[in-house]
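Q:
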Amino acid sequence: MYRNRYDKTMANIKKILALIPENNRQTAETFFTELAEGFSYLFRLELDNASAHVSHKNSQYDGVFTFSEIDCPLPTLKFTTKAAENQQTFFVDRTCFTNPKTVLSLTRYLTEFYQKIQPDILSYLPYRISFFDQSHRLVYSNHKPESSLPLSDVDSPKKLDEALIQELNDEEISSLHFPVAESVFDQILIQSYQKLYDRQNQLIGTLESVHNFKPVLSAYLKETGQALVGWSDTTSGPSVTEVWPDS
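Take the sequence shown: its letters are residues 64 to 310, numbered as in my numbering.
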């Protein structure tokens, strides 16, 4: 029996209606029962007959798992017992929970569906948030721009730049920060790369974020009674010039 070792306390478990077809009841029941146990950190399954009327249950569930085509407004994930039916369905056989390659494919299939129905809070941020894995390949993006200028690219690179990778490979460097050149006058956009570690202090990837640093800096200067000065004022003594007014 496959059991995922993911920390169950971290997930927002989704309630799923799993529909059992009349013509393949035993296979579907066995599959959904094992799936419910192995992926209980993501989904809580309730089994019902495929002939059940789904529409009146819309408010009760976050999605539907099915072995057949259904007309349903809820997000739907389809499975099949027919090999190579199409790429939009997952082929179910006896190796689903025993073959490592099949388990990996099933995990990816279910995780992608979970992410699709999970509200993405980070998508409400104004600027880019991305996560790159240990191989520096893109895993997540909130599809926001890295600049405040119109037509700024909202697509994150599929892999970190080689120059960044070389710098981040330095064990003494935990983060990198760069000013974004394409910024409007009333903002100071900073692009940051932060290395992330698990509880065993093993590197799990890199978080890229873009944020407007000006409100933070202005609040700090106001609280401490300080001001930024131009280069010419740093050695001249009495004259102090604020680069910008408080925002």
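By construction, the Cβ of each residue, glycine as well, lies at the ideal position given by its N, Cα and C atoms.
Check Gly288 in the structure and name its three-state DSSP category.
A: Correct three-state label for Gly288: coil.
Q: Taking the Cβ atom as the reference point for each residue, do Val155 and Thr144 lie within a distance shorter than 8 Å?
A: Yes, the pair counts as a contact, with Cβ atoms nearer than the cut-off.
Q: Skipping 5 residues on each side, what residues in its chain have a beta carbon closer than 6 Å to that of Thr158?
A: Result list for Thr158: Thr165, in chain order.
Q: Out of Ser272, Leu266, Lys285, Ser281, state which residue places its alpha-carbon closest to the alpha-carbon of Gln197.
A: It is Leu266 whose Cα lies nearest to the Cα of Gln197.
Q: Would a C-beta distance cut-off of 8 Å place Glu271 and Tyr260 closer than the cut-off?
A: For Glu271 and Tyr260, no; Cβs fall outside 8 Å.
Q: Report the option in Asp249, Asn232, Ala99 whose CA atom is closest to the CA atom of Phe160.
A: Out of Asp249, Asn232, Ala99, Ala99 has the C-alpha closest to the C-alpha of Phe160.
Q: Quick one: residues in its chain with C-beta nearer than 7 Å to the C-beta of Tyr124, no 5 flanking neighbours on either side, listed in chain order?
A: Closer than 7 Å at Cβ, skipping near neighbours: Lys78, Ile79, Leu80, Leu137.
Q: Is Leu80 helix, strand or coil by DSSP?
A: Reduced to three states, the DSSP call for Leu80 is strand.
Q: Which class does Glu85 belong to by DSSP, given the choice of helix, strand or coil?
A: Glu85: helix per DSSP, three-state reduction.
Q: Whose C-beta lies closer than 8 Å to the C-beta of Asp111 among residues of the same chain, with five residues either side of it excluded?
A: These residues qualify, in order along the chain: Leu80, Ala81, Leu82, Ile83.
Q: DSSP on Arg200, reduced to helix/strand/coil?
A: Residue state, collapsed to three classes: strand.
Q: Could you please give the first and the last residue of the uninterrupted beta strand (DSSP E) stretch that includes Gln254?
A: Gln254 -> beta strand (DSSP E) spans 252-260.
Q: Have a look at the DSSP bridge pairing and note the partners of Val273.
A: Partner(s): Gln254.
Q: Roughly how many angstroms separate the alpha carbons of Val273 and Gln254, rounded to a whole number?
A: Answer to the nearest angstrom: the Cα atoms are 4 Å apart.
Q: Would you identify the three-state DSSP class for Leu167, choosing helix, strand or coil?
A: In this structure, Leu167 counts as helix in the three-state DSSP scheme.
Q: Look at Gln181 and Asn75 and say whether their C-beta atoms are less than 8 Å apart.
A: Against a cut-off of 8 Å, the Cβ pair of Asn75 and Gln181 comes out as a contact.
Q: Can you give the Cα-Cα distance for Asn87 and Lys207, rounded to whole angstroms?
A: If you take the alpha carbons of Asn87 and Lys207, they lie about 44 Å apart.
Q: Which same chain residues, not among the five before or five after Val313, have their C-beta less than 8 Å away from its C-beta?
A: Shown here, the chain extends from 64 to 310; a query on residue 313 therefore has no answer.
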